[in-house]
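Worksheet for the structure shown next.
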Amino acid sequence: MRRLIPQFGKTVRWRLTLWYTLVLCLTFILFSAVVDHLTARNLYAQVDRHLTGTLSSVTASLDQASLESAPSTSEHLREEAAELGLPADTLLQVSWPDGSASYVNTRSLPASLLERASRTEAETGLPVTIFDGARQWRVAQILRRAGAFEYRVLLARDLAPIEAQLQSLRRTLLITLPLILLLAAAGGYFLAGRALRPVAEIAAQARHIEAHALDERLAAAKADDEFGQLARVLNDLFARLEHAFQHQRQFLADAAHELRTPVAILRSQADVALERPRMAEDYAVTLAAMRAETEHLSALVDNLLLIARADAEQLPLSVEAVDVMEVVDDACRAVRPLAQSKQLTLRWEIGDEMSVRGDTRLLRRAVINVLTNAIKYTMPGGAITIAVEPEADGAAISVTDTGIGLAPEDVLHIFERFYRADRALMAHEEGSGLGLAIVKMIAELHGGQVKVESVFGAGSRFTIFIPTVHVDPVPVWER
Ligand code: ADP
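So the number in the numbering used here is just where the residue sits in the sequence shown, counting from 1, plus 31.
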């Protein structure tokens with residue numbers, strides 16, 4: 032109990048119990064009011080029916096008697112009343128023209144009642160309620176004329192027994208109310224606990240998953256109810272988190288692996304140079320080699336940084352209107368010396384301006400990556416063609432080469448980070464397997480995409496599609 036009280040009002044279980052009890056309390060009060068009203072109405076209607084019925088019987092009999100003989104005496108009236116079955120709580124008085132009165136039932140009518148009754152207009156026989164100063168009466172009176180004979184009949188019924196009945200009913204309802212509320216609260220608390228048990232189970236399991244194994248899933252997801260829905264949503268979230276964590280872990284491991292080789296090369300070059308004193312030219316050769324290695328290393332770090340920033344959604348994009356033709360022209364000019372050094376023909380045509388929204392620097396980088404790949408993976412004497420095609424909702428930049436092409440199983444993976452196809456064939460070509468992953472990332476950052484068509488041994492075509500309107504990219508952990 033001590034454990035429950037501090038949570039009072041704070042937990043859903045307590046709140047449900049309170050609402051449930053409150054609603055039941057209001058329902059019971061309404062029900063009691065209706066029962067009380069209906070019972071009272073019923074009892075009063077019964078009294079009225081009885082009064083009017085008795086009044087008409089009494090008057091009928093008295094009319095008859097009055098026509099035949101002298102006015103009835105109390106004795107005669109009592110006989111009449113006995114015949115009528117007048118109950119003990121109903122008083123009957125007949126006032127005769129000579130001022131005398133006959134009455135039935137032991138007590139005479141209280142003077143205050145008679146006085147107040149005489150002041151009321153209702154001599155038509157319709158019952159009215161009169162308070163004599165001490166208690167309530169239901170009174171029906173009528174003025175009758177039988178031939179030349181006039182008399183007044185007054186029937187009065189004490190309402191105290193009815194009030195007592197109603198009071199007893201109200202007392203019963205009042206005593207029952209707290210009992211019912213107590214039962215409702217206990218039942219509500221128990222039921223709310225049962226209904227909410229899956230929440231506690233989901234919370235415990237989710238805590239365990241968060242702390243231990245992201246590959247575990249909530250068992251409640253099998254249920255077909257609302258808790259099952261919640262568990263399925265959480266399971267989806269866990270799956271995405273697991274995917275994102277794995278993705279990050281893999282990326283970190285691959286990055287460390289890629290960085291290890293150039294660092295090891297640098298170190299061994301330095302070690303060899305430091306083994307013994309050397310000529311100045313030897314140091315110059317070693318330093319030049321080390322410099323080439325650092326260039327590769329710095330390009331790698333640059334790529335890793337770009338990817339890491341994009342993953343963390345911290346890549347500053349300066350979105351503006353970009354002429355795709357200009358970007359392609361610029362990229363082709365930048366790689367032309369490289370193509371020439373490999374005796375490759377680089378062809379591109381500049382057409383009309385084709386504007387999209389994007390980041391010029393990143394788009395140029397994507398085109399250069401695809402172009403350098405085409406140069407890297409095409410044998411001397413080959414050709415590379417770049418074309419820009421307008422599309423319904425954007426522009427498509429395609430780079431076609433007559434290079435080594437890709438095996439179908441490689442096509443599925445070349446856009447993955449650190450993936451390099453068939454290293455043996457072009458083992459001399461430097462690369463880290465990040466170039467195409469960056470192209471894909473840049474295309475997606477612009478709401479576009481990249482695809483490849485390739486014939487193994489004959490060449491490949493990479494197409495980057497950039498939409499005219501900039502679309503916000505989907506966060507990496509939702510992909
Ligand atoms: P890398 O730094 O190895 O070039 P990329 O991500 O740019 O990394 O490319 C991934 C792999 O895709 C490359 O290792 C290569 O095997 C293959 N590839 C990329 N472009 C071409 C191309 N034009 N022709 C043939 N293979 C290619």
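Backbone N, C-alpha and C define an ideal beta-carbon position, used for all residues, glycine too. Just so you know, these numbers come straight off a predicted model, no measurement behind them.
(Q) Between which two residues does the beta strand (DSSP E) holding Ile161 run? (A) Where Ile161 is concerned, the enclosing beta strand (DSSP E) stretches over 159-162.
field: Supposed contact pair Val359 and Val419 - C-beta distance, whole angstroms, cut 8 Å
entry: Rounded, the Cβ-Cβ distance is 6 Å, consistent with contact.
- Query: With burial defined as no fewer than 16 other Cβ atoms inside 10 Å of the residue's Cβ, what is the status of Asp189: buried or exposed?
  - Reply: Residue environment: Asp189 is assigned as buried (16 or more neighbouring CB atoms within 10 Å of its CB, all protein chains considered).
For Arg597, I'd like the list of residues in its chain whose CB is within less than 6 Å of its CB, leaving aside the five on either flank, ordered along the chain. Lying outside 32 to 510, the shown extent of the chain, residue 597 is not represented and no answer is given.
*Pick out the complete alpha helix (DSSP H) segments inside the stretch 311-379, 4 residues or longer, and give them in chain order.*
Complete alpha helix (DSSP H) runs here, min 4: 311-342, 355-372.
Coarse secondary structure for Trp45, derived from DSSP in three states: helix
N- and C-terminal bounds of the alpha helix (DSSP H) containing Thr118
Residue identity check: residue 118 is Pro in the sequence provided, not Thr. Segment: none, Pro118 is in no alpha helix (DSSP H) and carries neither H nor E.
Please determine whether the Cβ atom of Arg396 lies at a distance below 8 Å from any heavy atom of ligand 2.
Absence of ligand 2 is noted for the structure shown, with ligand 1 being the only ligands found.
Query raised in the report: Do we get a CB-CB distance below 9 Å when we pair Ala231 with the residues of chain C?
Result: Included in the structure is just one protein chain, with no chain C present.
Exercise for review: Within 10 angstroms of the Cβ of Ser463, are there 16 or more other Cβ atoms? Answer buried if so, exposed if not.
Suggested key: Sixteen is the threshold: when 16 or more other Cβ atoms of the shown chains lie within 10 Å of the Cβ of Ser463, as they do, the residue is buried.
So for Val294, helix, strand or coil by DSSP? helix
Closer than 8 Å: Ser429 CB and nearest ligand 1 heavy atom: Result no, Cβ not under 8 Å from ligand 1.
State the DSSP-derived secondary structure class of Pro439, mapped to helix, strand or coil. helix
(request) Starting from the C-beta of Glu194, find all residues in its chain whose C-beta is less than 8 Å away, skip the five residues before and the five after it, and write them out in chain order. (result) Gln167
For a test of your reading of the model: does the CB of Leu465 fall under 8 Å from any non-hydrogen atom of ligand 1? Yes or no. Annotation for Leu465 indicates a beta carbon within 8 Å of some heavy atom of ligand 1.
Exercise. Who are Leu174's beta bridge partners in DSSP?
Worked result: Arg183, per the DSSP bridge assignment.
Margin query: Please state whether the Cβ-Cβ distance between Val125 and Arg169 is less than 9 Å.
Written below: Not closer than 9 Å, so no.
Practice problem: In the DSSP assignment, find the unbroken beta strand (DSSP E) run with Ser485 in it and report its ends. | Solution: Element bounds for Ser485: 480-486.
For Ala71 and Pro37, the rounded distance between their alpha carbons:
Because Pro37 carries a pLDDT of 48, less than 50, the predicted location of this residue cannot be relied on, and the following value inherits that uncertainty. So the two alpha carbons sit approximately 46 Å from each other.
Subject >> For Thr391 and Thr499, the rounded distance between their alpha carbons >> reply: Answer to the nearest angstrom: the Cα atoms are 14 Å apart.
Quick check: the Cα distance between Pro368 and Glu440, rounded to an integer number of angstroms? 32 Å
According to the neighbour-count rule (16 or more other Cβ atoms, all chains shown, within 10 Å of its Cβ), is Ala438 buried or exposed? exposed
Endpoints, the beta strand (DSSP E) within which Glu420 is located = 414-422
Spatial neighbours of Gly164 within its chain, please: C-beta separation below 7 Å, excluding the five flanking residues on both sides. Ser143
- prompt: Between the stretch 468-480 and the stretch 390-410, do three or more beta carbon pairs fall short of 8 Å?
  reply: yes
Between the C-alpha atoms of Arg33 and Ile161, what's the straight-line distance to the nearest angstrom?
-> Note that Arg33 scores 46 on pLDDT, short of 50, meaning its location in the model is unreliable and no value can be drawn from it.
- In this structure, does DSSP put Asp189 in helix, strand or coil? strand
Worksheet entry | One or two residues paired with Leu123 in a DSSP bridge | Val135, Leu186
inquiry  = Do Ala370 and Ile415 count as a contact pair if the criterion is CB distance below 9 Å?
reply    = yes
Near ligand 1: Gly434 beta-carbon under 8 Å from a heavy atom: yes
Own chain, CB closer than 6 Å to Ala234, minus 5 neighbours either side, in chain order = Contacts found: none.
Please find out if some non-hydrogen atom of ligand 1 comes closer than 8 Å to the beta-carbon of Asn511. Any question about residue 511 goes unanswered here, given that the chain covers just 32 to 510.
Worksheet item: How would you write the range of the beta strand (DSSP E) that Arg396 sits in, first residue to last?
Response: Careful: Arg396 lies outside any beta strand (DSSP E), inside the alpha helix (DSSP H) at 391-407.
Excluding the 5 residues flanking Arg451 on each side, which residues of the same chain have their C-beta closer than 7 Å to its C-beta?
Gly462, Gly464
Do His327 and Pro293 have their beta-carbon atoms positioned less than 9 Å apart in this structure?
yes
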